[in-house]
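> If you're matching positions, the sequence shown starts at 2 in this note's numbering and goes up one per residue.
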Amino acid sequence: MSTLFDEDARLVGTLHSVRFEADGGDWHVASVDTRRGRITVVGNLAGAAPGEGLQLRGAWVQDPKYGRQFRVKDAVAVPP
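1. Below 7 Å between beta carbons: does that hold for Gly54 and Lys74?
2. What do you reckon, are the CB atoms on Leu12 and Ala31 nearer than 7 Å?
3. Would you give the residue range spanned by the beta strand (DSSP E) that Arg72 belongs to?
4. I'd like the list of long-range same chain contacts for Ser18, defined as Cβ closer than 7 Å, with 5 residues on each side in sequence excluded.
5. Skipping 5 residues on each side, what residues in its chain have a beta carbon closer than 6 Å to that of Arg37?
6. Spatial neighbours of Val77 within its chain, please: CB distance less than 6 Å, with the 5 preceding and 5 following residues excluded, ordered by chain position.
7. Take Tyr67 as the anchor and find which of Pro81, Gly48, Val43 has the nearest alpha-carbon.
8. Take Gly14 and list the residues in its own chain whose beta-carbon comes closer than 7 Å to its own, dropping the five residues that flank it on each side.
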């Protein structure tokens, strides 16, 4: 089970790559480049493409197997 760090965090970055997409495309594991470095995000990023700017709202979690990641509640594309 994951430990929540912050339940209403915000994050802005650029989608680097999608490492996994569930059948139906409603769950993703992806890498996002931020000012603080590359982070792992999990959740619904439907329609987002590598290189696209994103504004994310969600929670920081500590997964026992995969480590610290950002669990996405909402994702909005940011125009260039």
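Think of the CB as a built atom: it goes at the ideal place given N, C-alpha and C, for glycine as much as any other residue.
Predicted, not measured: the structure shown is a model, and the values here were computed from it.
Taking the geometry as given:
1. No. Outside cutoff.
2. No.
3. Here the beta strand (DSSP E) through Arg72 covers 68-79.
4. Within the same chain, Ser18 has close Cβ partners Ala31, Ser32, Pro51.
5. Excluding residues within five positions, none has a Cβ falling inside 6 Å.
6. Correct list, in chain order: Gln56.
7. Nearest of Pro81, Gly48, Val43 to Tyr67, Cα basis: Val43.
8. Excluding its 5 nearest sequence neighbours in each direction, Gly14 has C-beta neighbours in its own chain below 7 Å: Val33, Asp34, Thr35, Leu55, listed in chain order.
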